[in-house]
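**Student:**
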Amino acid sequence: MLSSARAEAVTGGTLTEYSDTLEVAVAENFDLGEGPIWDARSDTLLFVDCSRGHVHRLTPDDGSIATLEIGQVIGAALPCSDGGLVVTSDDGVLFCDKAGVTKLLVPIEADLTANRMNDGKCDSRGRLWSGTFSTLFHRGAGSLYRIDPDLSLTRAVSNVRVSNGIGWNGDETRMYFVDTLSGGIDVFDYDIDTGAVSNRSQFVTIAREEGLPDGLAVDAEGCIWVALFYGGEVRRYSPRGRLIGKLTLPVARVTSCNFGGQDLCDLFITTASFKLNGDGYPHEPEAGYVFRCSPGVAGLPSQPFGYLPQQNPIRE
């Protein structure tokens, strides 16, 4: 990984625009597209349509899409080490086996009926990180959790408004976290051996009128890419928190981004179309599409959840 100083020097001190390589990856108006995850085992892109409860798997080589219907609102879907998928949902963490059978793996906040799980990512040790928020937007009602491969549950951060994007730098000494309504990205010191977070601080601040920070990804140079909901763009920040690039999209509701494709050189971007014609926004024919661009930098690989069903069977 490049040093912080080197990563900033790459841009030559100017704001780089990446839109010249932008193209449509999936021309479908997903209601709330979210959570792109590259599954290197199958060379496919997982992403979800949260409000419709659909998990989609795109094969970029031929453009085909397979869809799994979960039957409830979901936040993210990630591959498991031994096959199957883990899905964050209204009820908690779900496990979908290879046959598509879905069962509740870890209930979370069952007593808070207005809360649901949202975005999620895994570290290289197979720990799943995902958080919650109140669908009534009660201030501070959410939390950020760590779910270990043995299914032990740890509340790592409380008083969260809308838990969203998560990511790590290359050596996993820093974890980035978006609490959307806080208006920025926070960073923690991260202990990869224990999964503990400490020394939380604000990494960048984003003004409300510029958009709401949503999903994020980290590239091989240690830079952070964050989607701006209502902002119509993905921004790239240096490891020191300086804005060094952006990707402008033809839609306002940009939800998330992640690297995939050959050598992780493609950036996939999800967007949303819900309530588009009823809240004062102009019609956007490409709202909800999945986009792709080639920014000239590789990303870091997505990691699977380390859950092994044979070692930790689901209790009926």
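Take the sequence shown: its position 310, counted from the start at 1, is 926 in my numbering, and no numbers get skipped.
Note that the Cβ used here is the ideal one computed from N, Cα and C, for glycine as well.
Computed from a prediction, not measured in an experiment: that's the story for all the values here.
Around the C-beta of G651, are 16 or more other C-beta atoms found within 10 angstroms, so that it is buried, or is it exposed?
**Tutor:** If you number the sequence shown from 1, residue 651 lands on position 35. Buried, since its Cβ has 16 or more Cβ neighbours within 10 Å.
**Student:** Sort P765, V813 and A643 by Cα distance to S774 and report the nearest one.
**Tutor:** Position 158 of the sequence shown, counted from the start, is the residue given in the question as residue 774. Minimum Cα distance to S774 is reached at V813.
**Student:** Does L844 pass the burial test, meaning 16 or more other C-beta atoms within 10 Å, or should it be called exposed?
**Tutor:** The residue given as residue 844 occupies position 228 in the sequence shown. So L844 counts as buried.
**Student:** Within the same chain, show all residues whose beta-carbon is closer than 7 Å to that of P920, passing over the 5 residues directly before and after it, in chain order.
**Tutor:** Counted from its first residue, the sequence shown places residue 920 at position 304. Once the five neighbours on either side are set aside, the close Cβ partners of P920 are L694, P695, C696, S697, C738 and G742.
**Student:** Counting only the same chain and skipping the five closest in sequence on each side, list residues whose C-beta sits under 7 Å from that of G896.
**Tutor:** For the purposes of this step, residue 896 is taken as the residue at position 280 of the sequence shown. Low confidence applies to G896: its pLDDT is 49, below 50, so where it sits in the model is not reliable, and the reading given next is rough at best. Contacts found: none.
**Student:** Given that a residue counts as buried once 16 or more other Cβ atoms are within 10 Å of its Cβ, and exposed if not, what is E644?
**Tutor:** By 1-based counting over the sequence shown, the position of residue 644 is 28. Classification for E644: exposed.
**Student:** Smallest Cα separation from D830: which of I801, D809, R856 and D807?
**Tutor:** Counting from 1 along the sequence shown, the entry for residue 830 is found at position 214. Nearest C-alpha to D830: I801.
**Student:** Pop quiz: A833 and G783 are said to be a contact at Cβ under 8 Å. What is the actual Cβ separation, rounded to whole angstroms?
**Tutor:** Numbered from its first residue, the sequence shown carries residue 833 at position 217. Numbered from its first residue, the sequence shown carries residue 783 at position 167. The Cβ separation is near 6 Å, so the contact holds.
**Student:** Please specify which runs of the beta strand (DSSP E), each continuous and at least 3 residues long, are wholly inside the stretch 790 to 818, giving them in chain order.
**Tutor:** Listed in chain order, they are 790 to 795 and 800 to 807.
**Student:** What did DSSP end up calling D706 once you bin it into helix, strand or coil?
**Tutor:** Along the sequence shown, read from residue 1 onward, the residue named residue 706 stands at position 90. In this structure, D706 counts as coil in the three-state DSSP scheme.
**Student:** CA-CA distance, S667 and L648?
**Tutor:** For the purposes of this step, residue 667 is taken as residue 51 along the sequence shown, with counting starting at 1. For the purposes of this step, residue 648 is taken as residue 32 along the sequence shown, with counting starting at 1. Each residue's Cα considered, the two are about 6 Å apart.
**Student:** In terms of alpha-carbon separation, which member of S918, C909 and P925 lies closest to E633?
**Tutor:** In the sequence shown, residue 633 corresponds to position 17, counting from 1. Of the candidates S918, C909 and P925, the one whose C-alpha sits nearest the C-alpha of E633 is C909.
**Student:** Which residue wins for smallest C-alpha separation from A726, given the options G736, W745, F749 and V717?
**Tutor:** Along the sequence shown, one-based indexing puts residue 726 at 110. If we check each option's Cα against that of A726, F749 comes out closest.
**Student:** What does Y905 pair with, by DSSP beta-bridge criteria?
**Tutor:** One-based indexing of the sequence shown puts residue 905 at position 289. None, per the DSSP bridge assignment.
**Student:** If you run the structure through DSSP and keep just helix, strand and coil, what is E825?
**Tutor:** Against the sequence shown, residue 825 aligns to sequence position 209. E825 falls in the helix class under three-state DSSP.
**Student:** Would G827 and Y846 be called neighbours here (beta carbons separated by less than 7 Å)?
**Tutor:** Taking the first residue of the sequence shown as position 1, residue 827 is located at position 211. Taking the first residue of the sequence shown as position 1, residue 846 is located at position 230. Yes; because the gap between Cβ atoms is below 7 Å, this pair is in contact.
**Student:** Comparing C-alpha positions only, which one of I690, G691 and I686 sits nearest to T718?
**Tutor:** In the sequence shown, counting from the first residue as 1, residue 718 sits at position 102. When each option's Cα is compared against that of T718, the closest is I686.
**Student:** CA-CA distance, P911 and D659?
**Tutor:** Position 295 of the sequence shown, counting from 1, holds the residue named residue 911. Position 43 of the sequence shown, counting from 1, holds the residue named residue 659. If you take the alpha carbons of P911 and D659, they lie about 19 Å apart.
**Student:** Across which residues does DSSP place K737 in a beta bridge pair?
**Tutor:** For the purposes of this step, residue 737 is identified with residue 121 of the sequence shown, where counting begins at 1. In DSSP, K737 forms a bridge with W745.
**Student:** Just to check my reading of the structure: L769 and V722 have Cβ atoms closer than 8 Å, yes? What is that Cβ distance to the nearest angstrom?
**Tutor:** Working through the sequence shown from its first residue, we reach residue 769 at position 153. Working through the sequence shown from its first residue, we reach residue 722 at position 106. Their Cβ separation, rounded to whole angstroms, is 6 Å, which keeps L769 and V722 in contact under 8 Å.
**Student:** Looking only at its chain, what residues have a beta carbon closer than 7 Å to the beta carbon of L720, apart from the 5 residues adjacent to it on each side?
**Tutor:** On the sequence shown, position 104 is the one that residue 720 refers to. Taken in chain order, the residues that qualify are D707, G708 and L710.
**Student:** Report the rounded CA-to-CA distance for C839 versus F804, giving the unit in angstroms.
**Tutor:** Within the sequence shown, the letter at position 223 stands for residue 839. Within the sequence shown, the letter at position 188 stands for residue 804. C839 and F804: Cα-Cα distance of roughly 15 Å.
**Student:** Buried or exposed: P765, going by 16 or more other Cβ atoms within 10 Å of its Cβ?
**Tutor:** Within the sequence shown, residue 765 is the residue found at index 149, counting from 1. With 16 or more Cβ atoms within 10 Å of its Cβ, P765 is classed as buried.
**Student:** Once you ignore the five residues that flank Q927 on each side, which residues in its own chain have a CB closer than 8 Å to its CB?
**Tutor:** Along the sequence shown, read from residue 1 onward, the residue named residue 927 stands at position 311. Only D766 meet the Cβ criterion.
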